[in-house]
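**Q** I have a structure here, written as structure tokens, and I will follow up with some questions on it.
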Amino acid sequence: GKRLGKELNKYRQLIQDLDGKQLNQLQDDGQLDLDGENFSTEDILVFREAKAGTEALSNRFISIDMDCELTDDLIAEGLAREVVNRIQKTRKDIGLNVTDRITINYAADGKLAAAIEKHRDYIAGETLCTEFIMAPADNHVFEIDGNCLTINISTKSKLRLLPSFLYTRQIRISSNGHPNQL
Numbered sequence: 005g006k007r008l009g010k011e012l013n014k015y016r017q018l019i020q021d022l023d024g025k026q027l028n029q030l031q032d033d034g035q036l037d038l039d040g041e042n043f044s045t046e047d048i049l050v051f052r053e054a055k056a057g058t059e060a061l062s063n064r065f066i067s068i069d070m071d072c073e074l075t076d077d078l079i080a081e082g083l084a085r086e087v088v089n090r091i092q093k094t095r096k097d098i099g100l101n102v103t104d105r106i107t108i109n110y111a112a113d114g115k116l117a118a119a120i121e122k123h124r125d126y127i128a129g130e131t132l133c134t135e136f137i138m139a140p141a142d143n144h145v146f147e148i149d150g151n152c153l154t155i156n157i158s159t160k161s162k163l164r165l166l167p168s169f170l171y172t173r174q175i176r177i178s179s180n181g182h183p184n185q186l
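Residue numbering for the sequence shown follows my numbering, starting at 5 and increasing by one per position.
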């Protein structure tokens, strides 16, 4: 007030109209010349605000502004990750190895069913699922974001290879019913 007198409104407008380059100069140099008048960081206080719908963090050197709006795609992706989490925990609880290939029957409702369908390849890949079937299931029941998920997990028995010396002969039954040695 005393320093600028009648020109206070003029400088107030000049300060409000400062661009990013001028604000950086003020912060870097600690002072800024506006229309013949020198201002310091003590004279001009800079406040940073996040844009609507975003979250921001700032310090003297950097500002980070992140869009935190959850879209339907982001929600579906999060639900799919949660399904993977529940399948992996169930897999551990029933004593399966992390390398076991599994078959999953599942039932889901609401947005969860849509998210599973949209991200079924991701879910199957992360859980080593060879068959991922939407079918009645009731062994393991979960609630995810207000939606019900039920799953059954099974493994296919592993084919055991026998040593070749056990295969000494093969026999084929001919159409007349007589065995023929190969």
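A virtual CB, placed ideally from N, CA and C, is assigned to each residue, including glycine.
Could you tell me the alpha carbon to alpha carbon distance between residue 128 and residue 152, rounded to whole angstroms?
**A** The count along the sequence shown starts at 1 and reaches residue 128 at position 124. The count along the sequence shown starts at 1 and reaches residue 152 at position 148. One C-alpha to the other measures close to 19 angstroms.
**Q** Sorted by chain position, which residues of the same chain lie with C-beta nearer than 6 angstroms to residue 7's C-beta, five sequence neighbours on each side aside?
**A** Along the sequence shown, one-based indexing puts residue 7 at 3. Correct list: empty, nothing qualifies.
**Q** Using DSSP bridges, identify the partner residues of residue 58.
**A** For the purposes of this step, residue 58 is taken as the residue at position 54 of the sequence shown. DSSP lists 71 as partners of residue 58.
**Q** Buried or exposed: where does residue 79 fall if 16 or more other Cβ atoms within 10 Å of its Cβ makes it buried?
**A** As a position in the sequence shown, residue 79 is number 75, starting the count at 1. That one is exposed.
**Q** Going by other Cβ atoms of all chains shown within 10 Å of its Cβ, with 16 needed for buried, is residue 123 buried or exposed?
**A** The residue you call residue 123 lines up with position 119 of the sequence shown. Residue 123 is buried by the Cβ-count criterion.
**Q** Rounded to the nearest angstrom, what separates residue 83 and residue 58 at their Cα positions?
**A** The residue you call residue 83 lines up with position 79 of the sequence shown. The residue you call residue 58 lines up with position 54 of the sequence shown. Going from the Cα of residue 83 to the Cα of residue 58 covers about 22 angstroms.
**Q** Mind checking residue 51: buried by the 16 CB within 10 Å criterion, or exposed?
**A** Translated into the one-based positions of the sequence shown, residue 51 becomes position 47. It is exposed - the Cβ of residue 51 has fewer than 16 other Cβ atoms within 10 Å.
**Q** Quick one: is residue 45 buried, meaning 16 or more other Cβ sit within 10 Å of its Cβ, or exposed?
**A** Within the sequence shown, the letter at position 41 stands for residue 45. Per the 10 Å Cβ criterion, exposed.
**Q** Closer than 8 angstroms by C-beta to residue 115: which residues in its own chain qualify, once you throw out the five before and the five after it? Chain order, please.
**A** Here residue 115 corresponds to residue number 111 of the sequence shown, with the count starting at 1. So the qualifying residues of the chain are 79, 80, 83, 149, 151.
**Q** Using a threshold of 8 angstroms, state whether the C-beta atoms of residue 88 and residue 147 are closer than that.
**A** Indexing the sequence shown from 1 puts residue 88 at position 84. Indexing the sequence shown from 1 puts residue 147 at position 143. No, Cβ-Cβ distance for residue 88 and residue 147 is not below 8 angstroms.
**Q** Inspect the beta-carbon positions of residue 72 and residue 107 and report whether they are closer than 8 angstroms.
**A** For the purposes of this step, residue 72 is taken as the residue at position 68 of the sequence shown. For the purposes of this step, residue 107 is taken as the residue at position 103 of the sequence shown. No, the pair does not count as a contact, with Cβ atoms beyond the cut-off.
**Q** How many Å lie between residue 137 and residue 66 at the Cα?
**A** As a first step, residue 137 is located in the sequence shown; it is residue number 133 there, counting from the start. As a first step, residue 66 is located in the sequence shown; it is residue number 62 there, counting from the start. For residue 137 and residue 66, the distance between alpha carbons rounds to 49 angstroms.
**Q** So, are the CB atoms of residue 94 and residue 157 less than 8 angstroms apart?
**A** Counting from one through the sequence shown, the residue named residue 94 turns up at place 90. Counting from one through the sequence shown, the residue named residue 157 turns up at place 153. Cβ atoms of residue 94 and residue 157: closer than 8 angstroms.
**Q** Name the one or two DSSP bridge partners that residue 151 has.
**A** Stepping through the sequence shown from its first residue, residue 151 is reached at position 147. Paired residues: 148.
**Q** Assign residue 112 to one of two classes, buried (16 or more other C-beta atoms within 10 Å of its C-beta) or exposed (fewer than that).
**A** Walking along the sequence shown from the start, residue 112 turns up at place 108. Buried.
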